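Read the structure below first, then the notes.
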Amino acid sequence: MTSITLYFILFLNSLLFLPIYADSISPFASNCGEILSGESGAISYKPFEQFRAGERCVWVIRVPHAVSYNVVLYNSGMGSRGYNKVIVTALSRDKAEVHTDLSLIDRNYFIDGSVAIVTFYAYEAASSTGAGFSLYYEAAVLSENNHVSPYSFDYVISSNAAEMRHPAVGGSYSHNELSTFVFTPNFLWVNNQRLTVNVTVLGMEQNCDDMITVYYLPDSSYKASWRKVGRICGFENRVMLSNTGVILLVFQSDESLENNGFQLTYYST
Ligand SMILES: *[C@@H]1O[C@H](CO)[C@@H](O)[C@H](O)[C@H]1NC(C)=O
């Protein structure tokens, strides 16, 4: 381990009052779209380096058995005016989602969910660009009773078109799933962009015990935030979703009955 890494860990420990561990931070994500599953880790995206207008980077933190996380933003060049932001979305099977803007450096944000979606949203005008950010996370509470299926999946799709089904291998989805699907073409918002996701239900419980929740991010907005658009339940056959910005789908199932899931056909212009 380099001494810089060590100082860095000591620094983080002084923020979080953690016991000091000798291992280096792992995983460490610097590319958009990564999924992190280590009990602690960091996301560092273009710190001290200028990002592009319209960037839409998304990461997923999913630590097995995690119930909540501590997140510290330790570096940010995004400015404080609300044009550029990092939003952490806490997802749980048994609680409503919570979106938290990380605005203050060196403050501990408690993220109350089993899965955390981290969204970097850059305003579209070049005049509001700045430098990126770095954050450190650790699973705050781990519990065997977090009741999230190990067969849950996370997909961050950055292409312009995709066709996928869930479960991917066919068959039935599992009990207590919490799976995520993010559509963010090229991790970049461009003028006149439109994303379409057609959801075809192959088989889901007929009531809303198993469901897909839909969230939209605005195209270009001051103080942007995720908007919950609604749910897709088993009695729907086919739903067409369309948004000018990023789309997030969260699939969750309960502890009874399993079915064939759904198919997603996605296209962005
Ligand atoms: C979604 O469905 C609509 C209506 O059937 C169709 O016009 C459109 O091309 C479909 N989009 C994709 C991405 O499959």
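Going by mature numbering (1 follows the signal peptide of the UniProt record, and there is no 0), the letters in the sequence shown line up with residues -22 to -1, 1 to 247, in that order.
C-beta atoms are modelled at their ideal positions from N, C-alpha and C, and glycine is treated no differently.
The structure displayed is predicted, hence computed values, not measured ones.
- For the beta strand (DSSP E) assignment, the uninterrupted runs of no fewer than 3 residues enclosed by the region 90 to 163 are, from N- to C-terminal side, 93 to 99, 109 to 120, 132 to 135, 139 to 144 and 156 to 161.
- Short note on Y245: C-beta closer than 7 Å to some heavy atom of ligand 1.
- Scanning its chain for C-beta atoms nearer than 6 Å, with the 5 sequence neighbours on each side dropped, one finds around Y129 the residues S152, in chain order.
- Beta-bridge pairing by DSSP links D79 to I65.
- Beta-bridge pairing by DSSP links F26 to no other residue.
- Exclusion of the five residues before and after S112 leaves S22, P25, Y52 and N53 as the residues of its chain whose Cβ lies within less than 6 Å of its Cβ.
- The region 97 to 111 and the region 27 to 45 touch, with no fewer than 3 CB-CB distances between them shorter than 8 Å.
- F165 carries a helical assignment under DSSP once its states are collapsed to helix, strand and coil.
- Under the three-state reduction of DSSP, M182 is assigned to coil, being neither helix nor strand.
- As computed with DSSP, V38 is found in a beta bridge with I13 and I95.
- V64 and D79 have their C-alpha atoms roughly 6 Å apart.
- For the pair H77 and S203, the CB atoms are nearer than the 8 Å cut-off.
- Residue environment: V147 is assigned as exposed (fewer than 16 neighbouring CB atoms within 10 Å of its CB, all protein chains considered).
- The Cβ atoms of E214 and V175 do not sit closer than 8 Å to each other.
- For T178, the shortest separation between its Cβ and any heavy atom of ligand 1 does not lie below 7 Å.
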